[in-house]
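Shown next, in structure tokens, is the structure this report addresses.
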Amino acid sequence: MTRTSAKGWLKNILITVILVTVVSIAVDIWRNKDLTVSVANHSVEKTINQHDVDWLTLSYQQPVVLYLWATWCPSCRFVSPSINWLQQYQSDLNIKVFSVAIRSGDDRLLRAYMSSKEYRFPVINDQNGSISQQLGISATPTILIVKNGEVFNSTTGVTTPVGLFARVMAATYL
């Protein structure tokens, strides 16, 4: 390969990466246009292990990663391992990680699913879809990074561990 063809190849890769990034951001903006996180609509929820979670209040102390997903969602199979990894390092990163399983069965089924996948992130069961509806979530997976009671960042669809980590770092240090 000549130096000229290598430059052309790298230029094409760079252009492709930029285009994919721009399209991804545009899709995120469009999908999340109706997204609302409101204290008025928020209540303390229980995890499938019966722990109280007040993620909105916690967001005033440190950024909260709120992962909305479903057991039946094909894309969630790619994102959930990243959330599980992030949850393991939440103390080091000064964040909190919670998830909301949308229309994925009862608590017993969700506990069995989490155990079979060896996922350790906390799960709030949104069995009837009311939490996701209040938040205006129309697609899974959706990741919200909530800081000081407001959505600091959001993404819908498959996201890379690097992209997720970058969003968390931005919320932590900006």
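118 is the number that UniProt numbering gives to position 118 of the sequence shown; each next residue is one higher, with no gaps. Every residue gets a Cβ at the ideal spot worked out from N, C-alpha and C, and that includes glycine.
Exercise for the section: Quick one: grab the DSSP three-state call for residue 153. Expected result: What you label residue 153 is simply residue 153 of the sequence shown in a count that begins at 1. If DSSP states are grouped into helix, strand and coil, residue 153 belongs with the strands.
Practice task
Along the alpha helix (DSSP H) that carries residue 57, what are the first and last residues, could you check?
Solution key: Counting from 1 along the sequence shown, the entry for residue 57 is found at position 57. Bounds of the alpha helix (DSSP H) holding residue 57 are 55-58.
Practice task
Would you check if the distance between the CB atom of residue 141 and the CB atom of residue 69 is smaller than 8 angstroms?
Solution key: For the purposes of this step, residue 141 is identified with residue 141 of the sequence shown, where counting begins at 1. For the purposes of this step, residue 69 is identified with residue 69 of the sequence shown, where counting begins at 1. In this structure, the beta-carbon distance from residue 141 to residue 69 falls below 8 angstroms.
Problem - Paired residues, beta bridge with residue 98 - DSSP - result: As a position in the sequence shown, residue 98 is number 98, starting the count at 1. 66, per the DSSP bridge assignment.
Exercise for the section: Using the DSSP secondary-structure output, state which residues sit across from residue 45 in a beta bridge. Expected result: As a first step, residue 45 is located in the sequence shown; it is residue number 45 there, counting from the start. Per DSSP, 53.
Practice task
Would you kindly work out how many angstroms separate the C-alpha atoms of residue 19 and residue 163, rounded to a whole number?
Solution key: Translated into positions along the sequence shown, residue 19 becomes position 19. Translated into positions along the sequence shown, residue 163 becomes position 163. Taking the straight line from one Cα to the other gives about 16 angstroms.
Exercise for the section: Spatial neighbours of residue 60 within its chain, please: CB distance less than 7 angstroms, with the 5 preceding and 5 following residues excluded, ordered by chain position. Expected result: The residue labelled residue 60 in the question sits at position 60 within the sequence shown. Hits under 7 angstroms: 148 and 149.
Practice task
Grab the span of the beta strand (DSSP E) containing residue 125 for me, first residue to last.
Solution key: The sequence position of residue 125 within the sequence shown is 125, counting from 1. 123-126 is the span of the beta strand (DSSP E), which, as asked, contains residue 125.
Practice task
Specify the secondary structure class of residue 181 as computed by DSSP and reduced to three states.
Solution key: Shown here, the chain extends from 1 to 174; a query on residue 181 therefore has no answer.
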